[in-house]
Ligand code: FAS
Ligand code: PHB
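Numbering (the working numbering), first residue to last: 505 to 900.
Structure, rendered in structure tokens:
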């Protein structure tokens, strides 16, 4: 076994997904060096199909991170969103309800690609396929991280550790239990998502409620559709052939949408359970959590990736203040500031999930309340304004 290799940096970032990459890129642009430790290969990370709808705040963060060019050409501006139930499609005019704000459809995969490209162009230090990442002395002024790569052991001495390693990462688990309150909520269903090289069924995202279950029509570009249906947690991918998916998807959509459906072979298919989770708080000593490491939202409100962006906005600003002017209040106020926006986004995502999904254990009374919720949204400009201001993204 070789002797341990010692490295030094300002910020050790655990996780090379959107949160970790955004943070590293923004710090670099302010001459603050960092090292990213990523458990998976780059191909694996880039192969993940996840979020698709971006708030303006996330697009602005991309521009500040120097990766705003491709989305300028390839991102699709959406001025509204569709809500379907009882075989009717309703349009929520996001732009008029929010004084001109919109969302942009641009896959998380593309953002991750843009960020990796930017990090490479600036010689960012990223270790892939690392293992046994361990965080040490977090409650001291001299934390460090140890890890292995290709049998070689490493130690990184740093000023701060950013835990951007997602829900299953090591960072949150490195916080002593008595320093952390975890809030959990899991749903009795998941989303079966497929990617198909077909023209999208609608030119805007459609959220459809149906007694057989929720479905969602989205896209990645004019020849790449992204669709989801609510499925039981007992379901497995082998239970869902493309043919069965298309039949069920068509049944759950209003005719004016499904009549335009062009089916095709799926190029990706996955099932993700729906859950909500918040770690209160996001800071322990010199460790700061950002993104899914600190919270998970049901994707119904399209908030997961967008919350990672606002976390990184707050955390990068706090670290820049610290290194440029020695200010510490941003760092020690980070958790409270981020959690305020996180909890409001969790609220919205849960409200959408409750309103749009079918709960087998619901009583007829609860089902009737769901319908009233949807009808109120469609009938009330105030309800639509609440929906719109949350969907385009609450202010940072
Ligand atoms: P990520 O999970 O993306 O990245 C964390 C990284 O840390 C990963 O690359 C992981 O390999 C790495 N890592 C983990 N443990 C490590 C360790 N010990 N050492 C080193 N590295 C480690 N959001 C939406 O808005 N809409 C959606 O439709 C949507 N769909 C989703 C589907 C799935 C299956 C999942 C899991 C999430 C989905 N999300 C969706 C949420 C998702 O987009 C996240 O919000 C987003 O990936 C958050 O980015 P990160 O915080 O960077 O976490
Ligand atoms: C997506 O395009 O993947 C998507 C869109 C809206 C959501 C969730 C996912 O709420």
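Ideal placement from N, C-alpha and C gives every residue a C-beta, glycine not left out.
What residue does the beta strand (DSSP E) around residue i start on, and which one ends it?
{"i": "residue 685", "result": "685 to 700"}
{"i": "residue 900", "result": "Here residue 900 belongs to no beta strand (DSSP E), and DSSP marks it neither H nor E."}
{"i": "residue 562", "result": "That residue, residue 562, is in no beta strand (DSSP E); its alpha helix (DSSP H) goes 560 to 568."}
{"i": "residue 656", "result": "656 to 661"}
{"i": "residue 522", "result": "Run containing residue 522: none in the beta strand (DSSP E); it sits in the alpha helix (DSSP H), 522 to 532."}
{"i": "residue 808", "result": "Where residue 808 is concerned, there is no enclosing beta strand (DSSP E), although the alpha helix (DSSP H) it sits in stretches over 808 to 829."}
{"i": "residue 727", "result": "No beta strand (DSSP E) holds residue 727; DSSP gives it neither H nor E."}
{"i": "residue 784", "result": "770 to 784"}
{"i": "residue 540", "result": "538 to 541"}
{"i": "residue 638", "result": "635 to 640"}
{"i": "residue 509", "result": "509 to 512"}
{"i": "residue 630", "result": "629 to 631"}
{"i": "residue 517", "result": "515 to 518"}
{"i": "residue 791", "result": "791 to 793"}
Is the beta carbon of residue j closer than 8 angstroms to that of residue i?
{"i": "residue 900", "j": "residue 603", "result": "no"}
{"i": "residue 793", "j": "residue 667", "result": "yes"}
{"i": "residue 723", "j": "residue 606", "result": "no"}
{"i": "residue 698", "j": "residue 739", "result": "no"}
{"i": "residue 536", "j": "residue 824", "result": "yes"}
{"i": "residue 701", "j": "residue 771", "result": "yes"}
{"i": "residue 556", "j": "residue 730", "result": "yes"}
{"i": "residue 802", "j": "residue 854", "result": "yes"}
{"i": "residue 848", "j": "residue 898", "result": "yes"}
{"i": "residue 517", "j": "residue 613", "result": "no"}
{"i": "residue 735", "j": "residue 660", "result": "no"}
{"i": "residue 527", "j": "residue 819", "result": "yes"}
{"i": "residue 619", "j": "residue 568", "result": "no"}
{"i": "residue 896", "j": "residue 655", "result": "no"}
{"i": "residue 522", "j": "residue 795", "result": "yes"}
{"i": "residue 596", "j": "residue 831", "result": "no"}
{"i": "residue 798", "j": "residue 783", "result": "yes"}
{"i": "residue 834", "j": "residue 826", "result": "yes"}
{"i": "residue 617", "j": "residue 533", "result": "no"}
{"i": "residue 779", "j": "residue 719", "result": "no"}
{"i": "residue 591", "j": "residue 777", "result": "no"}
Look up residue i in the DSSP assignment and say whether it is helix, strand or coil.
{"i": "residue 645", "result": "coil"}
{"i": "residue 863", "result": "coil"}
{"i": "residue 705", "result": "coil"}
{"i": "residue 666", "result": "strand"}
{"i": "residue 719", "result": "strand"}
{"i": "residue 761", "result": "helix"}
{"i": "residue 671", "result": "coil"}
{"i": "residue 843", "result": "helix"}
{"i": "residue 801", "result": "coil"}
{"i": "residue 678", "result": "helix"}
{"i": "residue 736", "result": "strand"}
{"i": "residue 712", "result": "strand"}
At what residues does the alpha helix (DSSP H) containing residue i begin and finish?
{"i": "residue 746", "result": "746 to 756"}
{"i": "residue 894", "result": "885 to 895"}
{"i": "residue 550", "result": "546 to 550"}
Three or more C-beta pairs below 8 angstroms linking the stretch 709 to 723 and the stretch 673 to 691: At 8 angstroms Cβ cutoff, the stretches do not touch.
Evaluate contact between the stretch 862 to 878 and the stretch 803 to 823, counting only Cβ atoms and requiring at least three cross-stretch pairs below 8 angstroms. Flag = no, the stretch 862 to 878 and the stretch 803 to 823 do not touch.
Secondary structure, beta strand (DSSP E): runs of 3+ residues fully inside the stretch 597 to 626: As for any beta strand (DSSP E) of minimum length 3 sitting wholly inside the stretch 597 to 626, the runs are 607 to 609, ordered along the chain.
At what residue ranges does the stretch 567 to 594 contain a whole run of the beta strand (DSSP E), taking only runs of 3 or more? With a minimum length of 3 residues, the continuous beta strand (DSSP E) runs that stay inside the stretch 567 to 594 are 580 to 582, 585 to 589.
Can at least three beta-carbon pairs, one atom from the stretch 540 to 547 and one from the stretch 630 to 643, be found at a separation below 8 angstroms? Contact between the stretch 540 to 547 and the stretch 630 to 643 is present: three or more C-beta pairs spanning the two stretches fall below 8 angstroms.
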